[in-house]
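Novice: Here it is, the structure, as structure tokens.
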Amino acid sequence: AWNGSDSVIMTGAYNNFFRMFDRNTKRDVTLEASRESSKPRAVLKPRRVCAAGGKRRKDDISVDSLDF
1 AWNGSDSVIM TGAYNNFFRM FDRNTKRDVT LEASRESSKP RAVLKPRRVC
51 AAGGKRRKDD ISVDSLDF
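One point on numbering: in our numbering, the residue at position 16 of the sequence shown is 16, and numbering is uninterrupted.
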């Protein structure tokens with residue numbers, strides 16, 4: 001989905017995650033939809049996504065594990 005000024009794109013997946021991409025700032029955010037009323041316990045730190053089969057550090061996430 002696009003916003004009215006075409007500056008933000010939103011994608012979603014069946015696992016209740018959705019991402020918003022700001023075309024102007026080149027930033028993105030990943031959010032989770034839920035019916036439960038909850039407050040965040042901690043701010044999640046950004047993680048680097050690495051290519052499949054490549055070497056990765058402890059905090060890196062493999063692109064194969066993402067479901068968008």
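Just so it is clear, CB atoms sit at the ideal spot from N, CA and C, and this is done for glycine as well.
If V43 sits next to R23, beta carbons under 8 Å apart, how far is it from one beta carbon to the other, in whole angstroms?
Specialist: Not a contact, Cβ separation roughly 25 Å.
Novice: From N3 to T11, what distance separates their C-alpha atoms?
Specialist: Straight-line Cα distance between these residues: approximately 12 Å.
Novice: Considering only DSSP beta bridges, list what G12 is partnered with.
Specialist: F18, per the DSSP bridge assignment.
Novice: Nearest by alpha-carbon distance to D28: which of P46, D60, S5 and R57 is it?
Specialist: Among P46, D60, S5 and R57, the Cα nearest to that of D28 is on P46.
Novice: What does DSSP give as the partner residues of R27 in its beta bridges?
Specialist: D22, per the DSSP bridge assignment.
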